[in-house]
Amino acid sequence: MEELLKKFKQSVNDTGALTVIEAQKDVPFEIKRVYYIYNVEQDARRGFHAHKKLEQYLICVNGSCKVDIDDGSEKSTVCLDNPNEGIYVGPKMWHEMYDFTDEAVLLVLASDYYDEADYIRNYGDFLQFIGME
Ligand code: T46
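Structure below.
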């Protein structure tokens, strides 16, 4: 699932670095919501769900964390440790986030507003939803 990782445009000079992400250009959707996850306990695992329709990009803008992605037939683990790189998590992709470093800040760009009805929080229901069970 290497194709899910994307490097964003970066401008670096002797004063620092700047990364730009433009909706519908650098990410394939209109960004309707931005949220970020931080102060995560070292042993904590988050996620454990898939979305029915939501598209997202996950970017660890500080520190690092790991993300497991599972589309029902293929599983992959990605370490996000570069503020210039994001992983696309589309609909029907079970995902879990863990191994957050102390200072990790996971920024998420989402294609729609928060809607609990879009979540599939049970793995059996996920397999059923994607037609694998
Ligand atoms: C996802 C991964 C990457 C809201 O009220 N509004 C929001 O926009 C979000 C994202 C969450 N919440 C509430 C719902 C829960 O009561 O915040 C609480 C924590 O959410 P959750 O347990 O779903 O957090 P994660 O870290 O497991 O998952 C989050 C996103 O919810 C999810 O869409 O893909 O990050």
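Start counting the sequence shown at 14; every next residue gets the next number (my numbering).
Backbone N, C-alpha and C fix where the C-beta goes; we use that ideal spot for every residue, glycine too.
Taken from the Cβ of ILE100, every heavy atom of the ligand T46 lies 6 angstroms or farther away.
ASP39 has its alpha-carbon roughly 31 angstroms from the corresponding atom of GLN55.
Counting the other Cβ atoms within 10 Å of the Cβ of SER124 gives 16 or more, which makes it buried. By the CB criterion at 7 angstroms, TYR49 and VAL91 fall outside the cutoff. Per DSSP, reduced to three states, the secondary structure at LEU67 is coil, with no helix or strand assignment. Residues GLY99 and LEU120 of the same chain have their beta carbon placed closer than 6 angstroms to that of ILE72, with the five preceding and five following residues left out of the count. Rounded to whole angstroms, LYS19 and VAL33 show a C-alpha spacing of 12 angstroms.
With a threshold of 16 other beta carbon atoms within 10 Å, ALA63 meets it and is buried. Between VAL53 and the set GLU16, SER77 and HIS108, the nearest pair of CA atoms involves SER77.
Per DSSP, the unbroken beta strand (DSSP E) holding GLN23 starts and ends at 22–26.
Scanning ASP131, ALA130, GLU146 and GLU129 for the CA closest to the CA of GLY137 turns up GLU146.
Here the C-alpha atom of ARG59 lies approximately 19 angstroms from the C-alpha atom of TYR126.
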